[in-house]
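Following: one structure in structure tokens, then a few remarks.
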């Protein structure tokens with residue numbers, strides 16, 4: 001069975017907003033909103049992967065970040081582990097470096113239906129912890 005690890009950055013600013021991007025129209029789950037991130041490469045830790053992915057995708061370097069949630073999903077052909085890192089401080093201002101649209105969104109404005117289903121528990125937890 002194929003094992004896949006994904007490291008994701010939840011970039012939060014001082015206004016309690018989260019930076020999100022939109023998947024390309026020709027991508028899996030096209031046009032869905034997502035937290036930036038990607039696959040953990042061979043020989044890399046999830047912490048190293050989230051730093052690399054955020055540098056590549058949105059042009060920031062996380063400075064203070066911590067594990068917010070770890071989720072595991074089992075499919076007939078693969079096992080996926082999602083590592084969600086909460087980024088509280090960073091070097092740089094995020095933007096869609098790979099051409100993807102990106103924007104700051106209030107926690108109240110996050111709608112789990114606009115994201116891939118695997119993000120639902122994370123969005124619920126974000127709202128519970130930070131949106132009161």
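In UniProt numbering, the protein residues as written are 1 to 132. Virtual Cβ for every residue (Gly too), placed ideally from N, Cα, C.
Boundaries for residue 98: no alpha helix (DSSP H) harbours it, and the DSSP string shows neither H nor E there.
The segment 10–21 makes contact with the segment 104–122, as at least three CB pairs between them are under 8 Å.
Taken in chain order, the complete beta strand (DSSP E) segments of 3 or more residues contained in the UniProt domain "Nudix hydrolase" (1–129) are 2–12, 17–22, 37–39, 61–74, 78–91 and 102–106. Straight through space, the alpha carbons of residue 48 and residue 59 are spaced by roughly 15 Å. Going by C-alpha positions, residue 5 is about 24 Å away from residue 110. When rounded, the separation of the alpha-carbon atoms in residue 33 and residue 80 is 19 Å.
Residue 56 and residue 116 have their C-alpha atoms some 21 Å from each other.
Remark: C-beta atoms of residue 40 and residue 62 do not approach each other more closely than 7 Å. Looking only at 71, 31 and 16, the smallest Cα-Cα distance to residue 120 is reached by 71.
Within the same chain, 29, 30, 31, 32 and 34 come within 7 Å of residue 23 by CB-CB distance, once the 5 residues on both sides are set aside. Annotated as distal: residue 108 and residue 124, with beta-carbon spacing of 7 Å or more.
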